[in-house]
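Read the sequence shown against the numbering used here and you will find it ends at 288, with the numbers running on by one and no gaps. Positions of the beta carbon are idealized from the N, C-alpha and C atoms, including for glycine. Read the structure below first, then the notes.
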Amino acid sequence: MTDAAALPGQPRGGVLSGPATTRTVNVLAPNPSAMTLDGTNTWIVAEPDSALAVVVDPGPLHEEHLRAVIDAVEAGGRRVGLTLLTHGHADHAEGAGRFAELTGTRVRALDPALRLGDEGLAAGDVVTTGGLELRIVPTPGHTADSLSFHLPADRAVLTGDTVLGRGTTVVAHPEGRLGDYLDSLRRLRSLTVDDGVATVLPGHGPVLDDAQGAVEFYLAHRAGRLAQVETAVENGITTAPEVVAHVYADVDRSLWPAAELSVRAQLQYLREHGLIDDDRA
Numbered sequence: 008m009t010d011a012a013a014l015p016g017q018p019r020g021g022v023l024s025g026p027a028t029t030r031t032v033n034v035l036a037p038n039p040s041a042m043t044l045d046g047t048n049t050w051i052v053a054e055p056d057s058a059l060a061v062v063v064d065p066g067p068l069h070e071e072h073l074r075a076v077i078d079a080v081e082a083g084g085r086r087v088g089l090t091l092l093t094h095g096h097a098d099h100a101e102g103a104g105r106f107a108e109l110t111g112t113r114v115r116a117l118d119p120a121l122r123l124g125d126e127g128l129a130a131g132d133v134v135t136t137g138g139l140e141l142r143i144v145p146t147p148g149h150t151a152d153s154l155s156f157h158l159p160a161d162r163a164v165l166t167g168d169t170v171l172g173r174g175t176t177v178v179a180h181p182e183g184r185l186g187d188y189l190d191s192l193r194r195l196r197s198l199t200v201d202d203g204v205a206t207v208l209p210g211h212g213p214v215l216d217d218a219q220g221a222v223e224f225y226l227a228h229r230a231g232r233l234a235q236v237e238t239a240v241e242n243g244i245t246t247a248p249e250v251v252a253h254v255y256a257d258v259d260r261s262l263w264p265a266a267e268l269s270v271r272a273q274l275q276y277l278r279e280h281g282l283i284d285d286d287r288a
């Protein structure tokens, strides 16, 4: 879900279903919109010689898409061994229950309400289905339950909506919190610096080959927007809709409702850090 225009990262061309790294294949869901870009990226992750695959974010409840994901898994000579969710928004998770029925798999997620089976996901967990090493990285901020999945063998990270292939993501107030989101971006930056992560496999948009550059851009973008919001409040523009009209004037109006969620999260952050007065926003 995006609230801004172009990300000056290094996208690998357009968004297409097919291989992205040695161990990943993308199946693009047919749900394009202003909020979902080209559609939801459903990721199939598997070791090259494994008979089992992990599917990340089955996407919307769209029967043809779910069956297309299964077909893509089977085309690689595999079957689905596990389903994972980056977070609970419908464009990523609505089809998970039906996908579990079709494949006979468990669904693992941070939010217990989204799980099918006894196991959830938490910091430090490692998914090893079919010989994979897929490390769970908590990245709250877009939502409280947002996770990313680090794939060390491909020097890649699946980011859900935390980092997108194009545009910047919404901090979905009140569940999403800006402080958490900034911490999550710093956590991802550490993966690029300390663990050599080079590739972002996003929940929407094209693959990014400059993971560090993308995360640095996100951090700079957030700092810039926050400064703009703080200045707007200091100049007497105090309500969230007014701030959106002033600060996000360069953004398509169809995205203003989403931008307002981020503005409310920014105003909350500024209040909590004593940077604006409660009676001014």
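Can you list, in chain order, the residues of its chain with a C-beta nearer than 6 Å to that of residue 57? Leave out the 5 residues immediately preceding and following it.
Closer than 6 Å at the Cβ level, and outside the excluded window around residue 57, lie 137 and 138.
Give the secondary structure of residue 238 by DSSP, where H, G and I count as helix, E and B as strand, and everything else as coil.
Note: residue 238 maps to helix in three-state DSSP.
Rounded to a whole number of angstroms, what is the C-alpha to C-alpha distance between residue 103 and residue 239?
Each residue's Cα considered, the two are about 42 Å apart.
If residue 228 and residue 149 are in contact, beta carbons under 8 Å, what's the gap, nearest whole angstrom?
Between residue 228 and residue 149 the beta-carbon gap is near 14 Å, outside 8 Å, which marks them as no contact.
What residue does the alpha helix (DSSP H) around residue 128 start on, and which one ends it?
Here residue 128 belongs to no alpha helix (DSSP H), and DSSP marks it neither H nor E.
Buried or exposed (CB count within 10 angstroms, at least 16 for buried), residue 167:
Within 10 angstroms of the beta-carbon of residue 167 lie 16 or more other beta-carbons, which makes it buried.
Assess, as a yes-or-no matter, whether the segment 73 to 93 is touched by the segment 188 to 196 under the definition of 3 or more beta carbon pairs within less than 8 Å.
No, they do not touch.
7 Å Cβ shell around residue 140 - same chain, five flanking residues per side excluded:
Excluding residues up to 5 positions away in sequence, 133, 159 and 160 lie with their Cβ nearer than 7 Å to the Cβ of residue 140 in the same chain.
Assuming residue 77 is part of the alpha helix (DSSP H), what are its boundary residues?
Segment 70 to 82, the alpha helix (DSSP H) holding residue 77.
Under 6 Å Cβ to Cβ from residue 110, same chain only, skipping five residues before and after it: list those, please.
The answer, listed in chain order, is 87.
Length of the line joining the Cα atoms of residue 99 and residue 282
The alpha-carbon atoms of residue 99 and residue 282 are separated by roughly 35 Å.
Among 55, 44, 33 and 172, nearest to residue 73 - alpha-carbon criterion:
Taking each of 55, 44, 33 and 172 in turn and checking the Cα distance to residue 73, the smallest one comes out for 33.
Can you tell me which of the three DSSP states residue 36 falls into?
In this structure, residue 36 counts as coil in the three-state DSSP scheme.
Three-pair Cβ contact test at 8 Å for the segment 36 to 45 versus the segment 120 to 135:
Using a C-beta cut-off of 8 Å, the segment 36 to 45 makes no contact with the segment 120 to 135, since fewer than three inter-stretch Cβ pairs fall below that distance.
Return the Cβ separation of residue 270 and residue 247 in integer angstroms, given the expectation that the two are a contact with Cβ distance under 8 Å.
About 5 Å; that satisfies the 8 Å criterion.
Measuring CB to CB, does residue 164 end up less than 7 Å from residue 189?
Residue 164 is not a Cβ neighbour of residue 189, given a cutoff of 7 Å.
Where does residue 270 sit, in a helix, a strand or coil, going by DSSP?
It is helical.
7 Å CB neighbourhood of residue 75 in its chain, flanking five on each side removed:
Once the five neighbours on either side are set aside, the close Cβ partners of residue 75 are 34.
What is the DSSP secondary structure of residue 94, counted as helix, strand or coil?
Shown here, residue 94 sits in coil according to DSSP, grouped into three states, outside any helix or strand.
Of the residues 135, 173, 172 and 181, the one placed nearest residue 152, counting alpha carbons only
Looking at the Cα atoms, 181 is the closest of the given residues.
Checking 7 Å against the spacing of the C-beta atoms, do residue 172 and residue 215 come in under that value?
In contact: residue 172 and residue 215 (Cβ atoms closer than 7 Å).
Mind listing, in chain order, the continuous alpha helix (DSSP H) runs of no fewer than 4 residues lying wholly within the segment 239 to 263?
Runs found: 247 to 254.
Cutting at 7 Å between CB atoms, please list the residues of its own chain near residue 65, excluding the five before and the five after it.
In its chain, beyond the 5 residues on either side, 49, 73, 76, 90, 102, 103 and 106 have a beta carbon closer than 7 Å to the beta carbon of residue 65.
Relative to the C-alpha of residue 68, which candidate in 82, 108 and 51 has its C-alpha closest?
It is 108 whose Cα lies nearest to the Cα of residue 68.
Minimum C-alpha distance to residue 116 - residue among 80, 155, 201 and 84
Selected option, being the one with the closest Cα: 155.
By alpha-carbon positions, which one of 61, 30 and 47 ends up nearest to residue 38?
Nearest in C-alpha terms to residue 38, of all of 61, 30 and 47, is 47.
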